[in-house]
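Below: the structure, in structure tokens.
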Amino acid sequence: MIDTFLTIMLIPLYEIQNRISQSIHDLPRRYLYDSINFDQRLVGLIGARGVGKTTILLQYLKAEFNNPAVALYISADHIHVEAMGIMEIVAEHHRNGGNVLVIDEIHKLDKWAQIVKTIYDTYPEMRFIISGSSAFRIKTQGYDLSRRMVYYHLSGLSFREFISLKKKISLPSYSLDDILMKHREISADLSSRFNIHPLFREYLVSGYYPFWQEDIAHYPQKIENIIQKIFYEDIPSAFPIKYDAIRQLKRLLYMIATSDPFQVNISKLANELHIARESLYQYLDFLDQSFVINRLWKPSTRKAYQRKPEKLFLQNTNIISYLNPQAKHSKSGKGTLRETFFVTQFLTKSPLFSSHFADFEDDNHRQYEIDGKSKSQTQLDPNKSGYLFLDDISTGHQNIIPLYLIGFLY
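Under the working numbering, the final residue of the sequence shown carries the number 462; numbering is consecutive throughout.
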């Protein structure tokens, strides 16, 4: 009787998977798809809310199996899953001949790492893929799985992906070295095919999250929903935090969104928020591990030994545009949008640090200065390789490169 009940209870999960898979049938694969080794027994996919993790998982299941009875997708916070329990679902899926299970929103489960370790060890012939939006819960609470699980981090749409989707064409990505050394040829080709600057302005406001394709009129509301879920679901599920602290986190987020590229003064910031320095460090950890901000550090000291970041940036320009709609109209706001765009795109592929002379420096000690088209080279250290990434230019020359090109890294 119990087995029959469980078998019947799996049917709604099959129907859910089949239904939501229909919505992704014509979507192109993201930059990360071909880099994921799905043959590993345990794969972890992490990334900010709304960037398309579920789409990648469903694309894989549909392309390789197209049969929920063999490869099943479930969301850990769905009412059917909560009613049955993960262990029971895995057992029944295995009894029915299933050999792949995808668990989305894994960070919503209490003791999720213990559950995953148990099913991994109990069903050695099965493969498992998990995904979540809390780096802290998945990476720190999953330390017992470190020898078993391979992690992949999905970012939002690059500028290249945005153009590809909007124009329904395929555009190549380029390595950093190609962008630095061959930018004239690349930008000349792109600017001859597209009116690039209106596309770039659109991307900064509403191009980072793939759901812009669904309903652009409600795009701001969806960003608001993401922020609310992060503050009221993701962060409280990962950290012991009180309501007053959530209010302070929101204030901190708004301060970053409405300030010039944010040079960090811990004492001043703590005073403005009326919190202790130690609490501020914790709050920055919360926001970073929830993919809300990016922290940049000094290049001379290993991050593991630093507490104070040199600069803070929101995770992407769309959040800035939502929280501070006037940013695109002011000189300082444009500067924040430009630098945030550069940081978001660059960090997807390579480490980036603050710089004593320029805006940024990479791990090869190359400097990067970000600004509008009239920027001079005076802030570049003459003893190091340096590049100007400038807005409002279609093509560059020598070490002057169009800013939008960094959006073709992935």
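Just so you know, even glycine gets a beta-carbon here, dropped at the ideal spot from N, CA and C.
Quick caveat: nothing in here was measured; it's all calculated off a predicted structure.
Opposing strand residues paired with residue i [DSSP bridges]
| i | result |
| --- | --- |
| residue 95 | 181, 202 |
| residue 438 | 419 |
| residue 413 | 405, 419 |
| residue 454 | 442 |
| residue 152 | 123, 179 |
| residue 365 | 346 |
| residue 449 | 452 |
| residue 315 | 363 |
Cβ neighbours of residue i in the same chain (closer than 7 Å, five flanking residues each side left out)
| i | result |
| --- | --- |
| residue 53 | Its pLDDT being 42, under 50, residue 53 is placed unreliably in this model, and the coordinates cannot settle the point. |
| residue 318 | 329, 332, 360 |
| residue 327 | 300 |
| residue 184 | 98, 157, 158, 159, 190 |
| residue 47 | Because residue 47 is not part of the residues shown, which for the chain are 53 to 462, the question remains open. |
| residue 254 | none |
| residue 457 | 231, 235, 238, 239 |
| residue 258 | 264, 268, 271, 370 |
| residue 88 | 95, 204 |
| residue 306 | 375 |
| residue 104 | 82, 206, 262 |
| residue 91 | none |
Other residues of its chain near residue i: CB distance less than 8 Å, five sequence neighbours each side excluded
| i | result |
| --- | --- |
| residue 315 | 362, 363 |
| residue 76 | 107, 110, 111, 114 |
| residue 85 | 108, 111, 112 |
| residue 358 | 349, 350 |
| residue 298 | 283, 284, 287, 288 |
Nonlocal neighbours in the same chain, by C-beta distance under 6 Å from residue i, ignoring five residues either side
| i | result |
| --- | --- |
| residue 175 | 146 |
| residue 365 | 346, 392, 395 |
| residue 219 | none |
| residue 291 | 338 |
| residue 407 | 413, 419 |
| residue 400 | 207, 462 |
| residue 322 | 329, 332 |
| residue 164 | 158 |
Proximity of residue i and residue j at Cβ, strictly below 9 Å
| i | j | result |
| --- | --- | --- |
| residue 453 | residue 239 | yes |
| residue 251 | residue 275 | no |
| residue 45 | residue 244 | A query on residue 45 cannot be resolved here, the shown segment of the chain reaching from 53 to 462 and no further. |
| residue 161 | residue 135 | no |
| residue 150 | residue 370 | no |
| residue 213 | residue 83 | yes |
| residue 141 | residue 65 | yes |
| residue 405 | residue 348 | yes |
| residue 260 | residue 461 | no |
| residue 231 | residue 100 | no |
| residue 154 | residue 125 | yes |
| residue 344 | residue 293 | no |
| residue 303 | residue 325 | yes |
| residue 123 | residue 152 | yes |
| residue 351 | residue 296 | no |
| residue 93 | residue 199 | no |
| residue 373 | residue 256 | yes |
Nearest-angstrom Cβ-Cβ length linking residue i and residue j, presumed shorter than 8 Å
| i | j | result |
| --- | --- | --- |
| residue 409 | residue 431 | 6 Å |
| residue 376 | residue 309 | 5 Å |
| residue 263 | residue 102 | 6 Å |
| residue 210 | residue 459 | 5 Å |
| residue 312 | residue 388 | 6 Å |
| residue 120 | residue 166 | At roughly 26 Å, the Cβ-Cβ gap does not stay under 8 Å, so residue 120 and residue 166 are not in contact. |
| residue 223 | residue 80 | 11 Å between Cβ atoms; not a contact. |
| residue 228 | residue 402 | 6 Å |
Evaluate the contact criterion for the region 423-437 versus the region 167-181: three or more CB pairs, one atom per stretch, below 8 Å.
no
If we count Cβ pairs, one from each stretch, closer than 8 Å, do we get three or more for the region 196-205 versus the region 430-443?
no
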